[in-house]
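Working notes, beginning with the structure itself.
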Amino acid sequence: MENREQWGSRVGFILAAIGSAIGLGNIWRFPYVAYENGGGAFLIPYFFALLTAGIPILILEFGVGRSKRGSAPLSFSRLSKRFEWLGWFQTFLSFGIITFYSVIIAWSINYMIFSFNLKWGDEPEAFFYGDQFLNLSDINGFNFGGIQWHIFIPLIIVWAALFLIISRGIKKGIEKLSLIFMPILLILMVIIVLRAIFLPGALEGLNHLFTPNFDYIVPWGSNPEWGQVWIAAYGQIFFSLSIAFAIMITYSSYLPKDKDVNNSAFITAFSNSGFSFLAAIGVFAAIGFMANQAGSDVSEVATAGLGLAFVAFPQIISEFPAFNEFFGVLFFLTLVVAGFTSAISIIEVVVSSIMDKLKVSRAKATAWICLIGFLISLIFITGTGLYFFDILDNFINSFGIVISGFLELILLGWFIKLATIREENNLVSDFKIGYWWDIMIKVVTPIMLLIMIILNFRNEFSESYGGYPLSTILIFGWGALAIMVVVSAIMSVIKWKDSQEGIR
Ligand code: PHE
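So the sequence shown is numbered by full-length UniProt numbering: it starts at 1 and just counts up by one.
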């Protein structure tokens, strides 16, 4: 147990944690979620969720990983034998994400290549460009329609790169990559934002994003669906900070025992939010420019979801006054870099759990996990693959992660001595956290999550997600979650290879 790998430096750990947090979620997700949910007013539920859930849970997970020194299943089982299942469930939720997250990175690579001649619209194989992107042939059922080969090669590159980095381990693989990629990511983003805010019309875009629509987020306002705004804020915080996904527990399990966690949690959380704001400014400045070019209103051109990055942006970049190719490449490179550092954190979570449980070598665990992940991700580069992953993404975010977060808080808050974790954290940290933290973990956030779970179930049963055929919802939604629950149960009854590990 004592020869567990370790980070080489505190900066390395923090940059890796920030690398996991900052991902595609900050660039394409945050801007449109904020926009759709009341613009500037969204920042109120967003900060509420950050302070009551995001930061407290980060502190909790960093603390658990640092003191229990194991992957999520191992750390949880060291807290109590009965908690192990939750560690596996979180691990498999992460694994579920990587199966389609890797595909989005592959698209980004593809689009980066298209950017060199800006011919994305004309390439015959780029049939997912433009309207067709979100309007694939046949949504009534399973149209696998074969693999789209132009995404196949980038997808192989993504998985091969994941394998190469993770098999090198914590210090030589993940830490080294984070030390190089994170500064590059920041520089790329700053260049893009600086370009975007000086485009004609940029200001209108920013006005649109930041004009607060307070009416929209309160029960007495104009929006009968105001509760959804709060749900979206919590959802964004969990996804964006990679919490309740086993990730932060795993990363902090490689910390030397005497290293700060409280301050690191604040640094990680604020860097992540800062990057999200930066991205939102860039994105909305660009959308303002697009509206300006088209002579229309910003609200008409703002698109949500994946269409933002893969439909609106190619169009916007093509209309840039100069250096279009350059900015096209830069934008999609930014997506690739941001996505890749998040993807490695997910693979590490699974690898670390398998290594702990089955005592296999890192190389072997990584090879198997990358192979299985790659094979599953192939589903998402077929005909209606886009819909399948939209469903999976939605179910992981509206059910998987809220349930995982809720259970984590109840188990750690009420079934063990939570105050011990706080006291241990305070002993090693730059500054101390107070009793407010216990209240967030034990009371405030569980209540919010419970409300979310109830509302999400109610929504899903009154009107199933996205109007997809029931068969696809059953398989890629409920079915996928059920598989995660069952496989987690199987993993947690298997005996620990080294009987010493399970106890403690
Ligand atoms: N936090 C990452 C993002 O914002 C996504 C992610 C979610 C990564 C869950 C790992 C686990 O894109």
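Even for Gly, the Cβ is constructed at its ideal location relative to N, Cα and C. Since the model is a prediction, treat every value here as computed from it, not as a measurement.
Contact check for F62 against M182 fails: the beta carbons are separated by 8 Å or more. Secondary structure of T211 (DSSP, three-state): coil. For the options G307, F431 and I174, the alpha carbon positioned closest to that of R29 is the one of G307.
In this structure, the CA atom of I403 is about 43 Å from the CA atom of G201. The stretch 209-226 makes no contact with the stretch 49-66; the number of CB pairs closer than 8 Å stays below 3. Ranked by Cα distance from F431, the options A480, S276, F395 and I267 are led by I267. Relative to the ligand PHE, the beta carbon of A21 is positioned inside 7 Å of a heavy atom. Three or more Cβ pairs drawn from the stretch 390-397 and the stretch 93-103 lie within less than 8 Å of each other, which places the two stretches in contact. In the three-state DSSP reduction, T382 falls in the strand class (E or B).
Residue range W226 to L241 is occupied by the alpha helix (DSSP H) that includes I231.
Under the three-pair Cβ rule at 8 Å, the stretch 226-246 counts as touching the stretch 42-51.
The Cβ-Cβ distance between A280 and A21 does not fall below 8 Å. Taking C-alpha positions only, F13 is separated from T382 by approximately 37 Å. L206 sits away from A291, with the two beta carbons spaced by 8 Å or more.
Distance from A41 to F214 at the Cβ level is roughly 5 Å; contact confirmed, criterion being Cβ atoms closer than 8 Å.
In this structure, DSSP gives G8 a state outside helix and strand, which the three-state scheme calls coil. At least one heavy atom of the ligand PHE is found less than 7 Å from the C-beta of L24. Sequence-distant Cβ neighbours of K171 in its own chain, meaning closer than 8 Å and more than five residues away, are E5, Q6, W7, G8 and G12. Taken from the Cβ of I247, at least one heavy atom of the ligand PHE lies inside 7 Å.
Here D498 is exposed. Its C-beta has fewer than 16 other C-beta atoms within 10 Å. The beta carbon of F239 sits closer than 7 Å to at least one heavy atom of the ligand PHE.
Measuring C-alpha to C-alpha distances from M491 to each of F323, E325 and S77 identifies S77 as the nearest. G39 carries a strand assignment under DSSP once its states are collapsed to helix, strand and coil. Each of I191, I18 and Y32 was checked against the Cα of G328, and the nearest Cα belongs to I191. Along the stretch 304-372, the beta strand (DSSP E) does not occur as any fully enclosed run of 3 or more residues. In this structure, DSSP gives L199 a state outside helix and strand, which the three-state scheme calls coil.
Considering only W85, V486 and S264, the residue with the shortest C-alpha distance to R10 is S264.
Comparing C-alpha distances from R422 to each of R66, L24 and A16 shows the shortest one belongs to R66.
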